[in-house]
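Each residue of the sequence shown is one higher than the last, beginning at 1294 in the working numbering.
C-beta atoms are modelled at their ideal positions from N, C-alpha and C, and glycine is treated no differently.
Heads up, the thing below is written out as structure tokens.
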Amino acid sequence: EDDILHRLQNYKKFVVVRHPFERVISAFKNKFEKNYTSSQYFKKRFGVLILKRFRNGDSFNVNGDGVKFSEFVRYMIDTYNDDPSKLNEHWAPVDQLCHPCDVRYNIIGKYENLEEDAQHILESINAPKDVHFPPIKPSQTTKLVDAYIDTLSNDQLEGFDEYTRKRL
């Protein structure tokens, strides 16, 4: 504990945050819509559970394929209300992961400005001039937020908004 306290008091601390809607949509796209090897785990682990819970006995894919964003949001909100510790880190509230109320971050960057903010972080820690943050491909999620949000009922949107509003 002394070592942790020393780091918290003496080290530069930074966190990079993302708009909560974009973060959740990005996680959903990556874990449930893509066919990455890692996505298969999430579909089996969470997709099957979500489909069983919200398809009311209808037939569904045993691999967890086909989860709708609205079902995912219902699952996420229900899980948060029942036991927030059971939320996966990819969609758990940021405050559960990096404790912004407990850690006095020196820098809070935004994912949307990642390259600029990363450069600022490197400068603030006096990184050598030849150290650079690698270029990143711009996220397409920002352009898709409205399309995903439009799939939610008013009640789901209200719950999703409340879930994300408390988080940052």
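Helix, strand or coil for residue i? Go by DSSP, reduced to three states.
{"i": "L1461", "result": "Reliability fails at L1461, whose pLDDT of 46 lies under 50, so the model's placement of it is uncertain and the value that follows must be treated cautiously. Coil."}
{"i": "G1402", "result": "strand"}
{"i": "V1309", "result": "strand"}
{"i": "Q1487", "result": "This structure cannot settle anything about residue 1487, because the visible part of the chain is limited to 1294 through 1461."}
{"i": "F1353", "result": "coil"}
{"i": "S1332", "result": "helix"}
In or out: residue i buried (at least 16 other Cβ within 10 Å) or exposed?
{"i": "I1418", "result": "exposed"}
{"i": "Y1304", "result": "exposed"}
Who are the Cβ neighbours of residue i in its own chain at under 8 Å, not counting the five residues just before and after it?
{"i": "H1413", "result": "I1400 and G1402"}
By Cβ distance, which residues of its chain are closer than 6 Å to residue i, with the 5 residues on each side in sequence left out?
{"i": "C1391", "result": "V1308"}
{"i": "N1381", "result": "none"}
Would you kindly report the start and end of the unbroken alpha helix (DSSP H) that includes residue i?
{"i": "K1345", "result": "V1341 to F1347"}
{"i": "E1474", "result": "As displayed, the chain neither begins before 1294 nor continues past 1461, which places residue 1474 out of reach and without an answer."}
{"i": "L1445", "result": "No alpha helix (DSSP H) holds L1445; DSSP gives it neither H nor E."}
{"i": "C1394", "result": "Note, C1394: premise wrong, no alpha helix (DSSP H); not H, not E."}
Taking Cβ positions only, does residue i come closer than 7 Å to chain D?
{"i": "R1346", "result": "No chain D is part of this structure, which consists of one protein chain only."}
May I ask you to verify whether the region 1427–1444 touches the region 1325–1339, counting CB pairs closer than 8 Å and requiring at least 3? With the cut-off at 8 Å, the region 1427–1444 and the region 1325–1339 do not touch.
Looking at C-beta atoms only, is the number of pairs between the region 1335–1343 and the region 1426–1443 that lie closer than 8 Å three or more? Taking a cut-off of 8 Å for Cβ pairs, the region 1335–1343 and the region 1426–1443 do not touch, as fewer than three such pairs fall below it.
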